[in-house]
Each structure stands twice: as C-alpha cells, then as structure tokens.
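Report on one structure; see the data block that follows.
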Amino acid sequence: MAGTPNAFQRANALVGRATQRVYALTMNAFGLVMEPAQKLLGVRRMAYLFVLPNLLVFGIFILFPMLLNVYFAMTEGGNLFPQDRPFVGAANFERLYTCTDYGDPNTCLEDRFWRAARNTGVFVFFQVSGMVLVSLITSMVLNRKIVARGFFRSVYFYPVLLSPVVVALIWKWILQRDGVLNAILIALGLDPINFMLDGTWAMTWVILVSIWAHMGFYTLILLAGLQSIPNELYDAGAIDGTSTLQAFRHITLPLLMPTMMVVLVLSLIRAVQMFDEVFVLTGGGPGSATMLMVQYIYMTGFGTQNPRFGMAAAASVTLGAVLLVATLIQLRLGQGSERHLA
Amino acid sequence: MSTRFRLPILLALTLGLLLGSAFAQVELRMTWYDDGAEGVVMRELLDRFEAANPDVKVIMDTVPYSSGILESLPLQLAAGEGPDIARVTNLGGLSQYFLDLRPYLEDAAYWDANFGPFLDWMRPAGSDAIPGFMTQLTVTGPFVNKTLFDQAGIAVPEGGTWQEWAAVTRQVAEATGTPFAMVMDRTGHRLAGPAISQGAQFLDADGKIVVDDPGMRAMMQLMIDWHADGTMVPDVWIGSAGSYAAGNEFFVNGQVVLYMSGSWQVGQFTNLIGDAFDWVVVPNPCGPAACTGMPGGAGVVALAETEHPAEVARVMEFLAQEEQLAEFYGRSLFIPGHLGLAESGVTFATENPLTGAALTAFSQQVPLLHPIAYAMQAYPYNFVVFNAIRDRLTQVFVGELTLDQALERIQADIDEALRESGAN
Amino acid sequence: MSAVARFLTRRQHEGPGRGRARRWSVADVLTYGYLIAGVLVMFGPVAWLVLSSFKTQANLLEFPPTLLPLAQDTAVVDGHPEPLPLFDVVQDDGSTVRLAQVRRIGLVAQMVDPVNPDEVLRVPIERRTPVRNFRLATENYIESFGRFNFATYLRNSVIVTIGATLITLIINSMAAFALSKYRFRGRNAIFLVIIATLMIPISVILVPVYLVITQVGWINSLWGVIIPGAATPTGVFLLRQYMLTIPDELLDSGRIDGASEWRIYWQIVLPLAAPALAVLAIFSVMWRWNDFLWPLIVLTRSEFFTLQVGLNAFQGELNVQWHYVLAMTVLTLLPITVVFSLLQRFITTGIASTGVKG
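Sequence order for the protein chains is F, U and C. Counting the first sequence from 1 gives a position; the working numbering is that position plus 2. Counting the second sequence from 1 gives a position; the working numbering is that position plus 756. Counting the third sequence from 1 gives a position; the working numbering is that position plus 73.
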C-alpha cells in the first residue's frame, strides 16, 4: 500500500483537493454576508441568522400549511382557495366521527375513513412486529462470523434504495394472475391464487412487500447495536457457563434494548405513514381491503374527480393528532435512549 | 468577487430580452391523453398550424388518462394552474373552467351548426358558450372475440339479452379454454347503458338523481352474480380500487370472449390485435327496457385561465376546420363529433376490414341509444353518480357491503357530493 | 430449539482457537442457508424483473412463464417485405415441416415454405408450434426510449436529488449548529416544533402545501419539488444530536483566535460533524431520488417529470405493454444500483454507525 501512489489514488487526491477548494470558496462567499452580519448583530444573535433559512422554509412549507390545514378542516366545498370556502365549523369532524357502532365501519357516515383506520391498525401491527423480528434475526446472522459479510449486508440493504414505484411494479409483476409465483405454485402441485383479488392475501402481500423493501435499513441499525456490545461480556458469560440462550436473554437483549426502541419507533412512524408502495401495488383494493389512512386522505382530497378538501383535511388533522401523541410518547421513552445515543 | 460574476449575468439577461422580443412567440400548452395513437395525428395538425402561424407554439403534454386527466387536471384547474387547452371527457363537471371562445371566433356560426348538440354537454344549461369541439363521439358497446366463437363452433348471436350473452360467452369460454367470458371497463359510465336497458331511470321527474330502482338493482345483481361465478374478469373491477381501469388488456390477449367498452378502442385494437384473432362489434344486448349503450365523447376545450385567449381561439379554429377534423377522425379511427362530417362521412384510414366493420357497427348503435342515456351524458354531475356506483358496487363484490347497503351508500355519496359542491 | 438459539446468539468474534478448528455445525448450515435464502428473496424479484424485461411481448404473455427470454425465429421470404414468423407444422402423414406464416385468418393460417415461397399452404392453427430460441429482446429498450423521455427525466431527477441534498445539508446544519451551540430565546420552542412535526408526512397536508406552492408560482418548477422538503425535521434533529457531542471548548478556542461565528461553523463544526452529514446526505439522496407523490402533484408537464413520475405516467399509458414498462423500470433502478454497488461499503457502514440517531 505504501510507496508511490497509483493513478486512482492520485485522482482521488485531486478530486479531494478540488472539492475542498470549492467548499472553501462557497463558504467564503456566504461569509461575505454572514461576517458583516455578525458585526451588526453580535455573536449571540447570530444564532437567529443560522436558524433563519431552515425556519423560513419550514415555516412556509410545513408549519403554515399545517395551520391552513386545520382551517381547511373547518370549511367545505370544491374550491381550493380558502377565501372561497364556506366555513362550517366542526361539521366535517362531526361527520367523520359519526358512527352508531365504532366496531363496524358500515355504521359510520364516513365508512371509508374507518375502514382505512382499521386497515392501518392491522397493517401497522403486523408490519412493525414482522419488521422488528426479521431485522433482528438478520442482524444476528450477519453478526456471526461469516464470509463476505459486506456483500450479504448489501444484499439485504439493496431494496431500501429502490423507489416505491419500482418496488410495487416488481412485485405486481410477480404476484399477478399469470405471474411467476403462481407458476411456481402450479409446479408444486398447488392451486394458483389470484393474490390481489382476495382481501386477506392482498393485505398479507402488502405487509410482506413493505418488510422486504425496508428491512435492510433496520437490520443495519440493529447490526450496529450488536457490534457495540463488548465481546468481553460474552467471554465472561462463557466462563460462568452461561448457555447461549441465557446469554441472549441476559446480555444481548438488555444491551440491545435502546437500539430496539429506536427501530421500533422509526418503523412505527413509517408504517403509519405508509402510502406509495401500497398505492401502486394494490390501489387500496380489493374493495377497500388495503386502503390505508394516508391513501384515504389522498383519495378524498386529490385522487378523485370530486375532491372533498374539507373532509381530507379533517382526516389528516386526526391523523396528525395521533402522530403527535405517538411522538410525545417516543420523546418520553427516548429520554433514556437519547442519552445513550449522544 | 461578486462584481466579476455580475457582468456575464447582465449580458445574458440583456441578450435574452433582446432575443425574446425579436421572436415574440406565444407558447400554449395542451394537455392530452391517448386512446390509441391519435396524439401523433394531433401533433401533425399542430405542426401544420405552427407552420402557418409562426407566432404561436403549441406544446402537447401527454399524460395518462386516469391519473393525469381524471385526477390531476381538475386540481390544476381549481388552483388556476391549468394548461391553455385540454382534452377531457368530464365535459359537464369541468365546464366552469372552460373558456367561451365565441367572442374570439371568426365564424361562430360554423361551430353552432356543426357542434351544436355536443356544445350543450360542455356548458351550463341555458348558456350559449362555445368551449371547444369533440375529438370523438363515442358509443359504448361490446367487442366480441369471433375467433373464439369459431373455435367453439358457436355462431355469434344476433341480438339477445345480457343474460343470454353471459350464457353463450360462458359456453364459448368453456369450449375454448378461455379463462373468462366477459369483462367491462371499471366505470359507472360503462355500466349505465346496460342498467338503463334493465330499466334504471337515474333521474326522477324533478331532474334529481335517484339510483335505487328495480332496473338498477337488476343490473347490479347481474354484475354481482357474474363476479361471483367467474363469468367476469375479477381483476378489473375488484383488482383496482378508487379509479378507472380498462379491460382491454384481457381482450387484446385473447383471455376473454366479450369486452364491454366503446368505440374509442377501435384504433387501438387495430394496432394491437393485428391478425392474432378476429374481433367484431355486436349490438348492445337488451334488457326489458331497452338495448342501449351510452353516448359519450372526449372534447378538446379551451380553458378560461389562459393568458392568450385570442391565440387559443386561433388554434381551436384551425383544428376545428372540417378539413383538419376529417383527417383527425379518419386517421384516428374515431366516430366524428362534427355534424357535417357525420353526414358526409369520413374516410377511415385502415385496410383492416375488421376495423371498418367495427366502426360501422358502432355508428348503427347511435339511433338505438335511449333518451335516459343522452340525459345522463348531458347531466353535469354524471361523474359523481358513475364513480359512486363503481366504488360501492365493487365493495359488494368483495363482501364489504350488501346490495342494499351499497345502494344506500351510493345515494348518500351522491347527495353529499352535490350538497358540498352546491349543486342542490 | 437450542440449535436455533445458539445459531442466533453466536457472535462475530469467537475464540481464536475455536475459529481454526471449526467444522460445519448446525448453526453454520442454518446461517448460510438463511443468507443464501436472503440473496434469493432480496435479489430474486429484481433478477426476475431484469430477465422479464428482455422478453418479447408474446413471450411475456405465456403462462407458465419461461425462465429465459425466448423469441420466435423469423425468416425473410421472397415476395414478403417483412420477416415472417417460423412455425413447425405437423403434416397429415405425421412428419414435421418448418414453414413461415404469411397471415392467420380465423382458425386457418396461410403459410409458405421459405424454400418455395410461391405456393401458399393453408394450415389449421392448432397444427403449428412456434419455433423459438433464446434471444434478448433489446428492442424493448430501444423502442421505449423513443416514447419515454429517459434523458430528460434522468436529468430532472439528478438536478432535484443533488440540489435538494445540498440545500438540505446547508440549512439543516446551520439550524442544528444554532440549536446545539447557542442559548437564545425561542430555542426550546423551535426545537419542540421541529420535534412535533417529525412524524407528519407531507402526504397528509398535500392540499395546503399545494396551495402555498401555487402562490409562490412553483407549479411545474423543479424548485417546487426541491424546496418544500429541504427543511427536514429529521435532518435537523439528527445533526443537532450529533453536534451536541462536539466539545464547546473547540469553538471557544476558535473564537479566541478571532474566527467569526460563520468560520467556526464551516471550518470547525461541519468537518467534525461529517459522519452525521454523510448519513443525512445518503438519506436525502434516497428520499429525493425515490420521491413520488409530491413530484406527481407539482410536475404536470412532461419536460419537468422526474424518473419516478415519468415511469408512473409510462405504466399508466401503456397498460397493455408490459414489455416497455419492465424495460423502463430496469432503466429507472439502474442508476441507483450502480451508485450503490460503488459506494455500498460506505453507505451501509455510514448508516449503521450514525443512523441510530434518527
């Protein structure tokens, strides 16, 4: 390795220097504004200037729309501009929450909303538990002494990079009536199944496909958590005659817990927000068997010829409130793990 | 440092301004979708227009029918961000966004004379606005895979009820090992013709939508039975949710005997099926009340938000000329939406005898269309009705609703949508 | 059961002595079985997509599908300008002859012997079987290139991805710097608001964001896709948590040397936060490259389509023509696959080491 640098190393160094030059130049250019500003504002108030760009974008494109959304939820009609929308107070929410029996969507005025809520519940429960389980097993396998670990790690991570549209198209092609999966079933002497026409099968595949697409990400996080467990602990355990199962329960699990929490919460958030893959894969069907919450909002406000912006907004305010509560719980739980992470 | 950069920018700006004013050109956007390959013909017509009018340039944005025309375009229009011209099928529902070309046209009388009855579809009742012209008039009706009938040794029936057609197509499917007997596009519009044939009324004496009647129930029950017993391809209605879906894939691939669609498929079938099998258009099957399909069509309309209404009118006036439209209809294999051309006839650019026969068969359907079918096509909120029927009926197929619940929901969906859009 | 447990708990670094004397235990078999199954499950679907994309339309319609792309052989026959498809035809005496088909009418095919093209034979269609051989249908790619404006979409995707990632990195890191290294009034409020919105996906506030974008005039502008997502709460959170670990003394010594706050930010803090920045950059590239719903709404003119939007439009337009859709899907996933295979070690270790902080 030492000795004269080869062409690749020279090129690499060259690119590195060029990047640094560009970086310094750009930052100096920004400095032309920032340094006089510091003279004007003083060191302390520079903080505001640093927060400003992010805050502006955040305020205009996230915070303001959120507030506007709350207003939308209290108006109705097909007009897009708030000033043209008649104010109806809580009418949308009342309609949304009117059910004679909350266990049966058919008794609700907005039955689709409650179907979507129920589907989301089922999806989140099975997807998140499946995700955590599969990622945990995979990360533990990858943590063993194996050849080509880097390769296998990449294999599991690869689908994470694929776009939801591509993921959905790949699986649509496999799962369709005349797809390869049915050919395999027939070859095994089984009956072919039209997966996308049966509510339970469609939901099962939606869950499996989303696990397929995202497990690599959580596997990597868990793998990092596993690798941070000092080997000495296991060695000490081995001396004490601890069985492998005991080692798992008493050493691995407790030490991995903070990382597991992170994985759990992250996958939970993602699962509640799930939209693109399912939308392209099943469109929410059959019937409304795989219509999730975000899709209900999308379909009510966008993907329709007679959009009901008010109802969509009311539903998204509801979802937002649920997510907010979830975030607060996460913060509560995260207080311990944050210390660990930092 | 900064001055060094400023000079080239200034130069570029000035240059850009100079060039811009020298070649002041109005750029118009046309949102388009393709049933077959008619976009190519339209582009040629536009090229011809641009050659004669160097000051106007028309850019076509070809988008998918379902997500682009049905879903995205209405939102763009509501936000005032739409194109200048668009090809749409929801003529009544979007009419509030259309531009009245009348003040800009040189010869408005030509439009009234040739597009009169269709203009009523795209403007509010009582208005005399001229928003655009029809790229095609459509009639819904069934396509039949004749080769499969031949192979089964069964003659293609002439006439007959929907029940009889279901029975005979099932026989053919069984005899030939074809997976399915029938398929219908996933839209309430396609269902409406057969429903009217069964006696569905749709509109009551006050012009209000009433869905639940014996005719509609009968048709829905047929659909439910056909989906339950495997007569119909389940993928199209059950396999998609909340949006339009076409059944053409199954027909083109020879997986179904009868395909309930409409005249706009003719061009596409000519290209895609080739000589894989023989396909024919048969008259709409009957019910107790009628043997009707639905009229319909797509129109190219000018949009009111345009900044260049005069230029838009020039483009539209050019495209609507008898000569241009004759070429467009003829090469696209579309039924003319132009009264003069309908009278004189259009020469269809095809050597395929199947294509000519299919277009003739569809033309023969026009006099058979029921008055309710015309009334529903002219009803400005027809898409609300059709969408509600489509989505709720699908829920019955998968067992989420009973037929009674579905009918109740359809009526409630329609009432709520009309109430919110201020139509009632 | 205990084998499974041992398999799950075996660690990466076992004692050196044991490592040398290893033999194939049950756990090893399970491990490699799992890994190989993993390769099949993770790569299999993508490989099947790639294989399928090289099949002709007719080959795609077959059921059960063939593993490898097969295409019908054709022959150029005198008197016919186009090459004609070849079939093996069973004759009345049971022998087989290879004929070219001119056309098919109903149940009868008109066929010619390529050697003797003048004599037209009428053959019942069930007597013929197509002659096929392995061939990659590269025309799927070539023809769909004509319809699918791949270069434009690729350019737009690259602009959006790179532009958005750079902007995200700069404004997020500036905000994180202020939130982690300064005490100022409103700091906690800002941080709380950012945390609270951590979980709200843009998809639930589509309508109002769309409205804001129209007012700014960014419909059908790449800015409309780049900017709204740039102030990611996740990014600010991740960077802030990381910057908290940078000792304040480093900043103070910089100040003593007379460096301005801006200089401290870019010369001291940013280089130290490089691992976290790298992770955010990876995230951002992934998010932006694969972003679908938002661009779908903002970009309605084809010259601004990103790859994902273009692909969706393409599959909507050509629902009968899977051979084009599959080819374009492969082209869409190609760039990110190439980038990943070059940088995979960096990406996976990067996320593994810092991704925990999301």
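For every residue, glycine included, the Cβ atom is placed at its ideal position computed from N, Cα and C. Computed from a predicted structure; not experimentally measured.
State the start and end residues of the unbroken alpha helix (DSSP H) segment that holds Ile370(C). Leu366 to Val371
Mapping DSSP to helix, strand and coil, what is Met2(F)? Only positions 3 to 344 of chain F appear in the structure, and residue 2(F) is not among them; the question remains open.
Relative to the C-alpha of Val163(C), which residue among Leu172(C), Ala249(C) and Phe207(C) is closest? Leu172(C)
| request: Using a threshold of 8 Å, state whether the C-beta atoms of Thr304(C) and Asn71(F) are closer than that. | output: Note that residue 304(C) is Ala in the sequence shown here, rather than Thr. Contact flag unset, no.
Q. For the segment 263–293 of chain F, which residues have a beta carbon sitting closer than 9 Å to at least one beta carbon of chain U?
A. Thr284, Gly285, Gly286, Gly287, Pro288, Gly289, Ser290, Ala291, Thr292 and Met293
Just reading off the beta strand (DSSP E) that Asp991(U) is part of, what are its end residues? No beta strand (DSSP E) holds Asp991(U); the alpha helix (DSSP H) holding it covers Pro990 to Trp993.
Exercise for review: Using a Cβ-Cβ cut-off of less than 7 Å, give me the residues of the segment 126–152 of chain C that come near chain F, in sequence order.
Suggested key: Phe136, Pro137 and Pro138
If you measure beta-carbon to beta-carbon, which residues of the segment 106–118 of chain C are closer than 8 Å to chain F? Tyr107, Leu108, Gly111, Val112, Val114, Met115, Phe116 and Pro118
* Determine whether the Cβ of Ser828(U) lies closer than 8 Å to any Cβ atom of chain C. => yes
Kindly indicate if chain U contains any beta-carbon less than 8 Å away from that of Arg23(F).
no
message = For a test of the three-state rule: what should DSSP assign to Asp863(U), helix, strand or coil?
response = coil
Near Thr302(F), which residues of its chain fall below 6 Å by C-beta distance, leaving aside the five closest residues on each side in sequence?
-> Arg310, Met313 and Ala314
Would you mind telling me which residues of chain C sit closer than 7 Å to Asp180(F), beta carbon to beta carbon, in chain order?
-> Phe136
Separation of Asp165(C) from Phe223(C), as counted between CA atoms
52 Å
Check your understanding: For Ser999(U), which three-state DSSP category applies?
Key -> coil
Inset, instruction - Evaluate Glu1176(U) with the Cβ neighbour count: other Cβ atoms within 10 Å of its Cβ, from every protein chain shown; 16 or more gives buried, anything less gives exposed. - result: buried
Using 8 Å as the limit for Cβ to Cβ distance, is Tyr276(C) near chain F?
In the sequence on display, residue 276(C) carries Ser and not Tyr. Cβ-Cβ to chain F under 8 Å: yes for Ser276(C).
*State yes or no: is the beta carbon of Ser758(U) nearer than 8 Å to at least one beta carbon in chain C?*
Per-residue confidence for Ser758(U) stands at a pLDDT of 40, beneath the threshold of 50, marking its modelled position as unreliable; the derived number appears in the next sentence. So no, Ser758(U) is outside the interface.
**Prompt:** Under the rule that 16 or more other beta-carbon atoms within 10 Å means buried, what is Ser357(C), buried or exposed?
**Reply:** buried
Just mark Gln11(F) as buried or exposed, buried being the case when its beta carbon has 16 or more other beta carbons within 10 Å. exposed
**Prompt:** Shorter than 8 Å from the beta carbon of Ser414(C) to some beta carbon of chain U?
**Reply:** no
Run down chain F in chain order and give the residues with a C-beta less than 8 Å from the C-beta of Ala120(C). Chain F residues near Ala120(C): none, gap ~10 Å exceeds 8 Å.
inquiry  = Beta carbons nearer than 7 Å to chain F: which residues of the segment 984–1000 of chain U have them?
reply    = Pro990, Asp991, Ile994, Gly995, Ser996, Ala997, Gly998 and Ser999
Determine the burial state of Gly218(F): buried for a count of at least 16 other Cβ atoms within 10 Å of its Cβ, exposed for fewer.
buried
Lys813(U) - DSSP class collapsed to helix/strand/coil: strand
Checklist entry - Got a sec: is the Cβ-Cβ distance from Met198(F) to anything in chain U below 8 Å? => result yes
task = Reducing DSSP to helix, strand and coil, say where Glu783(U) ends up.
result = strand
_Below 8 Å on the Cβ atoms is my contact criterion, and I expect Ser165(F) with Asn363(C) to pass it. Report the Cβ-Cβ distance as a whole number of Å._
3 Å
From what residue to what residue does the alpha helix (DSSP H) around Met272(C) run? That residue, Met272(C), is in no alpha helix (DSSP H); it is neither H nor E in DSSP.
- request: Please specify which runs of the beta strand (DSSP E), each continuous and at least 3 residues long, are wholly inside the segment 986–1066 of chain U, giving them in chain order.
  value: 1012–1018, 1035–1037 and 1051–1058
- Task: Measure the CB-CB distance between Thr1150(U) and Trp982(U) and report whether it falls below 8 Å.
- Result: no
Touch test, the segment 915–932 of chain U against the segment 1002–1022 of chain U, Cβ-Cβ under 8 Å, three pairs minimum: yes
Notebook entry, point to check: Taking the Cβ atom as the reference point for each residue, do Trp1035(U) and Val895(U) lie within a distance shorter than 8 Å?
Noted result: no
| said: Across the segment 315–326 of chain C and the segment 398–407 of chain C, are there enough close Cβ pairs to call them in contact, namely three or more that are closer than 8 Å? | reply: no
_Any C-beta of chain U under 8 Å from that of Met133(F)_ = no
Item to complete: Check whether the Cβ atoms of Tyr158(F) and Thr221(F) lie closer than 8 Å to each other.
Response: yes
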